Amino acid sequence: MVTRRIFLGGLVGAAIAPAVLRAEQAGEPEFLKERLTSGSLPPMAERIPARPRIVNLKEMGLAPGSYGGTVRTIIGSQRDIRFMTIYGYARLIGYDKHLQFQPDILADFHSEDDTVFTFTLREGHKWSDGEPFTADDFRYWWEDVILNDKLTPGGGALELRPHGNLPRFEVLDPLTVRYSWDKPNPMFLPTLAGPIPLVIVGPAHYLKQFHKKFQPDQAKMEQMMQASRVKKWQDLHIKMARSYRPENPNLPTLDPWRNTTPLPAEQFVFERNPFFHRVDETGRQLPYLDRFILNVSSSSIIAAKAGAGEADLQATGIDFNDYTFLKEAEKRFPVKVNLWKVARGSRITLLPNLNCADEVWRRLFRDVRLRRALSLAIDRHEINMVAFYGLGTPSADTVLPDSPLFKQEYADAFVKFDADEANRLLDEVGLTKRGDDGIRLLPDGRRAEITVETAGESNLDTDVLELVHDHWANIGLALYTRTSQRDVFRNRAMSGSIMMSIWYGLDNGVPTADMSPSGLATTLDDQLQWPLWGMHYLSAGQEGTAPDLPEAAELVDLLKQWGSTAKFEERQVIWHKMLSLYTQQVFSIGLINSTLQPILRAAKLQNLPEKALYGFDPTSYLGIYMPDAFWYKEA
Numbered sequence: 014m015v016t017r018r019i020f021l022g023g024l025v026g027a028a029i030a031p032a033v034l035r036a037e038q039a040g041e042p043e044f045l046k047e048r049l050t051s052g053s054l055p056p057m058a059e060r061i062p063a064r065p066r067i068v069n070l071k072e073m074g075l076a077p078g079s080y081g082g083t084v085r086t087i088i089g090s091q092r093d094i095r096f097m098t099i100y101g102y103a104r105l106i107g108y109d110k111h112l113q114f115q116p117d118i119l120a121d122f123h124s125e126d127d128t129v130f131t132f133t134l135r136e137g138h139k140w141s142d143g144e145p146f147t148a149d150d151f152r153y154w155w156e157d158v159i160l161n162d163k164l165t166p167g168g169g170a171l172e173l174r175p176h177g178n179l180p181r182f183e184v185l186d187p188l189t190v191r192y193s194w195d196k197p198n199p200m201f202l203p204t205l206a207g208p209i210p211l212v213i214v215g216p217a218h219y220l221k222q223f224h225k226k227f228q229p230d231q232a233k234m235e236q237m238m239q240a241s242r243v244k245k246w247q248d249l250h251i252k253m254a255r256s257y258r259p260e261n262p263n264l265p266t267l268d269p270w271r272n273t274t275p276l277p278a279e280q281f282v283f284e285r286n287p288f289f290h291r292v293d294e295t296g297r298q299l300p301y302l303d304r305f306i307l308n309v310s311s312s313s314i315i316a317a318k319a320g321a322g323e324a325d326l327q328a329t330g331i332d333f334n335d336y337t338f339l340k341e342a343e344k345r346f347p348v349k350v351n352l353w354k355v356a357r358g359s360r361i362t363l364l365p366n367l368n369c370a371d372e373v374w375r376r377l378f379r380d381v382r383l384r385r386a387l388s389l390a391i392d393r394h395e396i397n398m399v400a401f402y403g404l405g406t407p408s409a410d411t412v413l414p415d416s417p418l419f420k421q422e423y424a425d426a427f428v429k430f431d432a433d434e435a436n437r438l439l440d441e442v443g444l445t446k447r448g449d450d451g452i453r454l455l456p457d458g459r460r461a462e463i464t465v466e467t468a469g470e471s472n473l474d475t476d477v478l479e480l481v482h483d484h485w486a487n488i489g490l491a492l493y494t495r496t497s498q499r500d501v502f503r504n505r506a507m508s509g510s511i512m513m514s515i516w517y518g519l520d521n522g523v524p525t526a527d528m529s530p531s532g533l534a535t536t537l538d539d540q541l542q543w544p545l546w547g548m549h550y551l552s553a554g555q556e557g558t559a560p561d562l563p564e565a566a567e568l569v570d571l572l573k574q575w576g577s578t579a580k581f582e583e584r585q586v587i588w589h590k591m592l593s594l595y596t597q598q599v600f601s602i603g604l605i606n607s608t609l610q611p612i613l614r615a616a617k618l619q620n621l622p623e624k625a626l627y628g629f630d631p632t633s634y635l636g637i638y639m640p641d642a643f644w645y646k647e648a
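And the structure:
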C-alpha cells in the first residue's frame with residue numbers, strides 16, 4: 014500500500030498556542046483599524062484558525078514583513094481578474110517551491126494508494142465574511158452541486174470520474190471529509206493544486222439562496238435572476254458561485270484578497286481577507302499587502318504602461334522583447350526588472366491542425382514525415398539569436414532540464430537544422446512538383462501555402478514567423494500569417510478553419526511523474542493541434558471525434574494507464590513512453606524553450622525571488638512564491 018500523509022509538522026503542533034499569543038501581540042493592520050474599533054470585525058486571535066498555517070519565512074530564505082500598501086498591476090481585459098485567484102494560490106493542497114504537495118487550506122491530508130483521500134480542515138477557519146468553513150461546505154458542493162443534474166449536467170469533472178464513476182463522498186465529522194474511488198485517481202491531488210483548481214467546496218451559507226432546493230421564495234429567486242440577466246436558476250447559481258474568475262464581490266472566499274468591484278469596470282480593487290488562514294513566524298497574519306488594484310488596458314500597451322511607472326508588479330502582458338525597454342524604466346522610476354525562466358515546454362510552438370477542414374492539408378499534416386520536415390527546415394539558432402539574444406535553448410516542445418523526467422533525446426528530436434533532409438521528406442510525401450516560383454504544388458494542383466494564425470497578443474510571434482517564412486520558402490513552402498482575437502482564434506480552430514497556429518508549448522515543462530501527462534494526449538478542446546479530438550475526450554465522447562491516428566490514440570491509452578496505477582515507478586515509465594512518442598511524432602513543433610520572462614516590481618517590494626521558474630502550470634505564475642508574503646520596505 015502506498016500511503017501519503019502530510020502534516021504541517023512542528024510548525025503547527027508545537028507552535029499553535031505561541032502563534033495565537035503572537036497574533037495577539039503582533040498588532041493589527043492599520044487597514045482594518047476602523048472596523049476593529051467599531052466592533053464589526055473581531056480581533057486577529059478570533060479571526061484565524063486554531064491551527065493556522067504558520068509560514069516560516071526565514072526558513073524559506075525570506076524576510077518577515079510589515080503590514081500595508083497597495084500594489085497596482087495592469088490586465089488586458091475584465092476576464093483577467095482571474096489572475097488574482099492564480100496569484101493568491103490558496104489551495105486545499107498546493108505545491109511548495111520544490112513542487113512537492115503540501116496542505117494549505119487543509120490542516121492535513123491522507124492518501125491511500127491514490128484511491129482513498131481523507132481531508133482534515135482547520136478548526137475555527139472562516140470564510141472571508143466571517144462564517145465558519147466546515148465539512149458542510151464540502152457536503153453542499155457534493156450533494157447539491159455536483160450531483161445536481163441542472164448544475165452539473167455532464168456528471169462532474171473528468172478528474173472526479175477518471176474511470177467513469179464518481180467517488181464515494183463521506184463526512185466523517187465537522188472537520189473531516191473523505192473521497193474514495195475503487196481504482197487509483199492520481200489526477201486528484203495535482204488538479205486541486207493547479208492554477209485552475211478543481212472545485213469541490215463552496216460557501217454553502219451564501220450559495221443556498223441561489224439554489225432552487227433551498228430558496229423558498231420564488232419571487233425573490235425571479236428577482237435575483239432578473240438582476241443577473243439570466244433565465245434559469247441554475248445559471249444564476251453558476252454565475253454567483255464562480256470562484257476562479259471572481260466577478261461576484263459578494264462571494265465569500267478563502268483567498269488572501271477578495272474582489273470588491275462588480276462588473277463592468279475599468280479598475281478592480283481587491284482587499285485583504287481579514288480571515289485568511291496563514292500567519293508568519295512572528296504571529297503576523299498574512300497577507301502583508303492591503304490591496305491589489307487591477308487596471309484594465311489594451312493588451313498591446315501593457316508593456317508601455319508598465320514601463321511608464323503605472324505598475325508596481327507586472328508579470329503578465331509583457332514579454333522578453335519588452336525587456337530592454339522595461340530595464341530602461343529602472344532609470345526613470347523606482348522599479349526593478351528581473352528575468353525568470355519560462356517553465357513551458359516551448360516559448361513558441363507551431364501547431365499543425367490535424368483536424369483542419371481542408372482535406373488535402375489534413376491528410377498531409379497527419380503524415381509524420383511532413384511534420385518532421387517542417388521542424389527540420391527551421392533554423393532555431395537564428396531564431397534564438399534574433400528573438401532571444403541567444404539566451405534560450407533550441408528544443409522540441411518537451412520537458413525542461415529542471416524536470417526529473419528530462420532526457421536530451423526528447424529535446425533534440427528533429428530540431429537540428431537540416432534543409433536537405435526536410436526537402437527529401439517532402440519529396441517522399443509526394444510534394445515533388447513545383448510552380449515557376451519554386452513553391453511546391455499540392456496533389457490537387459494548389460500552391461503549398463500554409464497560413465499560420467496567431468491571437469495577436471505578442472509581437473514576438475510575428476517576428477519569429479517572419480524568420481520561419483524564409484526557412485520554409487527554402488524548401489518550397491509558402492507561409493502566410495493571419496491575426497485574430499483570442500476567442501475568434503479558438504473558435505476557428507474548433508471549426509477546422511485554422512490550418513496551423515502559433516502558440517505556447519506544453520503548459521507544464523517541469524513535471525514530476527506524479528503530475529498528469531494529459532498535456533501530451535488529446536484531452537482538451539483548446540489543444541490547437543487536435544481540438545476536435547480533445548473535445549471528444551473532454552466531453553466523454555459526446556462531442557468532437559475520436560482520434561483516428563494510431564499514435565494519437567496510443568497517447569490516450571497511455572494516459573489511461575497512468576491514471577490506473579498507484580506506483581510511482583510505473584507512472585514514470587508511462588511518462589517516458591509518452592514523451593518519446595510525442596516528440597518523435599512532432600505533434601507540436603517546438604522552437605525555443607528555457608526562455609526568460611521579465612518580472613517588473615516596485616523596488617521596495619520585498620520577498621520576490623530574483624530568479625525563479627515562471628509558468629501557468631505548475632507554478633501558477635507568481636502563485637507558489639506566495640504573493641501574500643510580499644511587502645513594502647520603506648526607505
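Numbering (the numbering used here), first residue to last: 14 to 648.
Even for Gly, the Cβ is constructed at its ideal location relative to N, Cα and C.
Remember, it's a predicted structure, so these values are computed and weren't measured experimentally.
Count the other CB atoms within 10 Å of the CB of residue i; is the residue buried (16 or more) or exposed (fewer)?
i, result
"Leu387", "buried"
"Thr536", "buried"
"Leu34", "With a pLDDT of 45 at Leu34, under the threshold of 50, the predicted position of this residue should be treated as unreliable, though the coordinate-derived value follows. It counts as exposed."
"Ser256", "buried"
"Ala615", "buried"
"Ala316", "buried"
"Gly177", "exposed"
"Leu211", "buried"
"Asp450", "exposed"
"Leu185", "exposed"
"Asp570", "exposed"
"Glu235", "exposed"
"Asp150", "buried"
Whole angstroms is fine: what's the gap from residue i's alpha carbon to residue j's?
i, j, result
"Arg242", "Met253", "12 Å"
"Thr459", "Asp630", "Residue 459 is actually Arg in this sequence, not Thr. Their Cα atoms are separated by approximately 41 Å."
"Leu438", "Thr464", "21 Å"
"Met591", "Arg64", "42 Å"
"Phe130", "Phe182", "10 Å"
"Gln222", "His111", "41 Å"
"Phe338", "Gln280", "25 Å"
"Ala76", "Ile106", "24 Å"
"Val282", "Leu635", "19 Å"
"Trp546", "Ala559", "5 Å"
"Ile19", "Gln228", "Confidence at Ile19 is low in this model, with a pLDDT of 41, below 50, so its placement is unreliable and the value that follows should be read with caution. The alpha-carbon atoms of Ile19 and Gln228 are separated by roughly 39 Å."
"Leu444", "Gln540", "28 Å"
"Pro524", "Lys340", "31 Å"
"Trp155", "Thr128", "18 Å"
"Pro180", "Gly101", "29 Å"
"Asn521", "Val355", "10 Å"
"Thr273", "Glu294", "29 Å"
"Leu299", "Val292", "5 Å"
"Lys139", "Pro262", "17 Å"
"Ala148", "Tyr192", "12 Å"
"Asp230", "Gly89", "40 Å"
"Arg304", "Ala120", "27 Å"
For the putative contact between residue i and residue j, defined by C-beta atoms under 8 Å, what is the C-beta separation to the nearest angstrom?
i, j, result
"Tyr645", "Gly82", "4 Å"
"Asn308", "Arg85", "7 Å"
"Ile251", "Leu164", "7 Å"
"Ala321", "Gln327", "About 11 Å; that fails the 8 Å criterion."
"Pro265", "Ser633", "21 Å between Cβ atoms; not a contact."
"Phe288", "Phe333", "Actually they do not touch by this definition, with Cβ atoms about 39 Å apart."
Suppose the cutoff is 6 Å on Cβ atoms and the five residues either side in sequence are ignored; what does the same chain contact list for residue i look like?
i, result
"Leu389", "Phe427, Asp431, Glu434, Ala435"
"Ser416", "Val523, Pro524"
"Glu623", "Asn351"
Please return the same chain residues whose Cβ sits closer than 8 Å to the Cβ of residue i, not counting the five positions on each side in sequence.
i, result
"Ile515", "Ile361, Thr362, Leu363, Leu364, Val465, Glu466, Thr467, Asp474, Val477, Leu478"
"Gly403", "Asn397"
"Trp199", "One detail in the question is off: residue 199 reads as Pro in this sequence, not Trp. Same-chain partners within the cutoff: Asp127, Asp527, Ser529, Trp575, Gly576, Thr578, Ala579, Arg584."
Excluding the five sequence neighbours on either side, which residues of its own chain have a C-beta within less than 7 Å of the C-beta of residue i, listed in chain order?
i, result
"Glu136", "Pro62, Ala63, Arg64, Leu188"
"Glu564", "Leu594, Gln598"
"Arg104", "Asp117, Ile118, Leu205, Ala206, Pro210"
*Only counting runs of 3 or more residues, tell me where the beta strand (DSSP E) segments fall wholly within the stretch 271-325, in order along the chain.*
Qualifying beta strand (DSSP E) stretches, in chain order: 280-285, 291-293, 304-309.
_Going residue by residue through the stretch 456-503, where are the continuous alpha helix (DSSP H) segments of at least 4 residues, counting only ones entirely within it?_
Runs of the alpha helix (DSSP H) spanning 4 or more residues and lying entirely within the stretch 456-503 occur at 472-486, in chain order.
*Could you pull out every unbroken alpha helix (DSSP H) segment of at least 4 residues lying fully inside the stretch 565-606, listed in chain order?*
Segments of the alpha helix (DSSP H) lying fully in the stretch 565-606: 581-598.
_Going residue by residue through the stretch 32-110, where are the continuous beta strand (DSSP E) segments of at least 3 residues, counting only ones entirely within it?_
Runs found: 66-68, 83-88, 106-108.
_Whole alpha helix (DSSP H) elements within the stretch 417-458, 4-residue minimum_ = If we require 4 residues or more, the alpha helix (DSSP H) runs fully inside the stretch 417-458 come out as 421-424, 432-442.
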